[in-house]
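Visitor: Mind having a look at this structure? Questions to follow.
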Amino acid sequence: MGVSAPLAAPEIDETTDLRAAPLEPWEVVVWNDPVNLMSYVVRVFRTYFGYSLERATALMLAVHHDGHAIVATGPRETMEVHAQAMHDYGLWATVRKAGR
């Protein structure tokens, strides 16, 4: 049997600390639909997110006029929970990386 050469230790870049890297933000997008009343969408945004009447109304109008609005931004897991909550309220929502 031959003798194997010892394996070289992998080089490690100690200047990169993944724990210190910020997490990429994600966002919840609510889409316009032909079913829900505008007043209901405002109520959902106020009830679930705790938005003021003015903020909830502005987001609802963006959904209505632009076809969609970003209603929350944060870590992916949290945004997935928010999107599921929007589905539970009967709204159309998706999660995507912020800035797209």
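Residues 109 to 208 (this note's numbering) make up the sequence shown, in order. Positions of the beta carbon are idealized from the N, C-alpha and C atoms, including for glycine.
1) Kindly list the residues whose CB is nearer than 8 Å to the CB of R204, restricted to its own chain and excluding five residues on each side of it in sequence; keep chain order.
2) Using alpha carbons as the reference points, say which of V189, H172, H173 lies closest to A180.
3) Suppose you measure from the CA of V143 to the CA of E132; what does that come to, to the nearest Å?
4) As a quick exercise: from M168, T186, H195, T202, pick the residue whose alpha carbon is nearest that of L145.
5) On a CA-only basis, which of V149, T202, L161 is nearest E185? Give me that one, please.
Guide: In short, the structure shows the following:
1) W134, E135, V137
2) Taking only the C-alpha atoms, the option nearest A180 is V189.
3) Here the C-alpha atom of V143 lies approximately 33 Å from the C-alpha atom of E132.
4) M168
5) T202
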